[in-house]
Amino acid sequence: NMKLLLLTTLLLPLTTAFTPPTAFTATKPPSTSTRLNENFGLYLPNLNDTDDITPDLLKGEANYKQWVGSIEDDSFLNRQYDVLARIRELGLLGKTVDSGLLSNLEKQGVDLETIESLLPTLQKLKVLEITGNNQQMLLNLLAPPLVEGAPLLIPILSGAVGVGPIAFFGASAGLLGLEFALSSSGAQIPFVGLSAAFYLGLILVPLAGVSGGLGIALGA
């Protein structure tokens, strides 16, 4: 009996080693992965947000100026032409006096009282209001060519005032005649092939109107 008990004790571990494993069902742990939205470095706007998809260039003048200012601090759009500084640098006041323009105006009967009498008329025509509302555009578009070209224009203007209204009427007729000649000949601007009568007419016709108006003002 002792031998049998000893033999059973030795064979028991061997029998359990060859016993087939018990079938079991493993429980799958819950997924904790996070979904990643990869955009490969590209910004994808929200198509339902009009402010997000509208380019800055189309959001109005104020936003456009702000956008330009973020790109270029001293941009032409946001920079204001310094009229007073340029007049001082070019010495236009001294050149005006030396040219005899003021004395020629007095000979034609134009003085400060005459100029002041025109202010109510300009106010009725809303010239002052239009000028105030478009101050930036006028300073950046009209002031530069007038101020920079003043050293050449002042002597010519002084001579024309000295001659009288006929000089301005003649200049107006000459400008309109040049416009008519360009239109009749079908001339084109060299290298670009654009109509000279149309594009130069944008300058010639207004100048002819201004010259004629000055002639009327001097003759009044």
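Under mature numbering (1 follows the signal peptide of the UniProt record, and there is no 0), the residues of the sequence shown are numbered -17 to -1, 1 to 203, in order. Cβ atoms here follow ideal geometry from the backbone N, Cα and C, with glycine treated the same way. Note that the structure is predicted; figures quoted are calculated from it, not measured.
Are residue i and residue j touching if we call contact CB-CB under 7 Å?
i, j, result
"A203", "L159", "no"
"S194", "A154", "yes"
"A126", "V66", "yes"
"L78", "I137", "With the sequence shown as reference, residue 78 is identified as Lys, and Leu is not the correct amino acid for it. Yes."
"S166", "A156", "no"
"L88", "A133", "no"
"L105", "Y64", "no"
"V130", "R71", "no"
Can you say whether residue i is buried or exposed, counting buried as having 16 or more other CB atoms within 10 angstroms of its CB?
i, result
"F151", "buried"
"A143", "buried"
"L111", "exposed"
"V188", "exposed"
"S141", "buried"
"F7", "In this prediction, F7 has a pLDDT of 49, which is less than 50 and means its spatial position is unreliable; what the coordinates show is noted afterwards. Burial call: exposed."
"S82", "buried"
"I186", "exposed"
"L108", "exposed"
"L135", "exposed"
"G196", "exposed"
"L95", "exposed"
"L177", "exposed"
"L84", "buried"
Where do the N-terminal and C-terminal ends of the alpha helix (DSSP H) with residue i fall, by residue?
i, result
"N123", "Q118 to L124"
"V66", "V66 to L73"
"F181", "A179 to G202"
"Q106", "L95 to K107"
Just confirm the distance between the C-beta atoms of residue i and residue j, as a whole number of angstroms; I'd bet it's less than 8 Å.
i, j, result
"G198", "E162", "About 18 Å separates the two Cβ atoms, so there is no contact after all."
"G145", "L201", "Actually they do not touch by this definition, with Cβ atoms about 11 Å apart."
If we require 4 or more residues per run, which alpha helix (DSSP H) segments fall completely within the stretch 119 to 165? Within the stretch 119 to 165, the complete alpha helix (DSSP H) runs of at least 4 residues are 126 to 131 and 133 to 146.
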